[in-house]
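Since the structure comes first, as structure tokens, the remarks are kept for the end.
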Amino acid sequence: DAKTTQPPSMDCAEGRAANLPCNHSTISGNEYVYWYRQIHSQGPQYIIHGLKNNETNEMASLIITEDRKSSTLILPHATLRDTAVYYCIVRVLGGTSYGKLTFGQGTILTVHP
Amino acid sequence: EAGVTQFPSHSVIEKGQTVTLRCDPISGHDNLYWYRRVMGKEIKFLLHFVKESKQDESGMPNNRFLAERTGGTYSTLKVQPAELEDSGVYFCASSASSYEQYFGPGTRLTVT
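Protein chains in written order, with our numbering: chain A, 49 to 161; chain B, 8 to 119.
Structure follows, in structure tokens:
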């Protein structure tokens, strides 16, 4: 799986949009971009995933650049409960290891009042 | 609908003892995964079951770890004998497809 690079930490004011960047310059054409987050002491939680097109769900939006070398996770109206570690994961959905998620260090997002 | 459950939530054992962790996936999920985070490190994949078969066990650290999923329902992860470096949080996840994995709250294992 391609390697990802994320900033170690970010801050965001409550009610504002949180934009979390991720670089994945070695991504292959058949690799998806996934985002998970881990709120303190809980298991990781799926947020969103995409291949080429931008995606939106009830939690967040995912913007993938045209060359697919980077992406941005957007939390449109961050709340204090969004404080967590956010992981950007590149994953191929094929082969023997298709189920494997490779977690990096992630970005610690702190939402403050 | 119940989420992924793990038991126990916390286990403290001495080096050399045996511990068995249990994971109950979401009902109907054929895929079950084990991950762990040891102190100060990243969350690491251990293995992946599809029903009762091991699809990928490339992340299992050594033969002291044994995972089973008899009948394709719940799974157990046994560590025998436990070593100090096995301390950490063990997560289980399940999925119906290969897209979205639902994680349990984890079992915190402390080996003294």
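We put the beta carbon where it would ideally sit given N, CA and C, even for glycine. Since we're looking at a predicted model, the values are computed, not measured.
| Item | Value |
| --- | --- |
| Closer than 7 Å: G95 of chain B CB and nearest the ligand NAP heavy atom | The ligand NAP is absent from the structure shown, which contains no ligands of any kind. |
| Interface partners of L110 of chain A on chain B, CB under 7 Å | None at all; the shortest Cβ gap to chain B is about 14 Å. |
| Euclidean distance between Cα positions of P112 of chain B and S34 of chain B | 17 Å |
| Three-state secondary structure assigned by DSSP to E79 of chain A | strand |
| C60 of chain A versus V133 of chain A - alpha carbon distance | 13 Å |
| Beta-carbon proximity list for I156 of chain A, same chain, < 7 Å, skipping 5 on both sides | P56, S57 and V133 |
| Buried/exposed call for I87 of chain A, threshold 16 Cβ in 10 Å | exposed |
| Cβ neighbour criterion (16 or more within 10 Å) applied to Y109 of chain B | buried |
| Chain B within 8 Å of Q54 of chain A, Cβ atoms only | no |
| Sufficient close CB pairs (3 or more, under 8 Å) joining the region 137–154 of chain A to the region 19–27 of chain B | no |
| Meets three-Cβ-pair contact criterion under 8 Å: the region 68–75 of chain B and the region 106–117 of chain A | no |
| Outcome for R129 of chain A when other beta-carbon atoms lying within 10 angstroms are tallied against a minimum of 16 | exposed |
| Proximal chain B residues relative to T150 of chain A, where beta-carbon distance stays under 8 Å | F52 |
| Of the residues A:I137, A:P124 and A:L110, the one placed nearest E62 of chain A, counting alpha carbons only | A:P124 |
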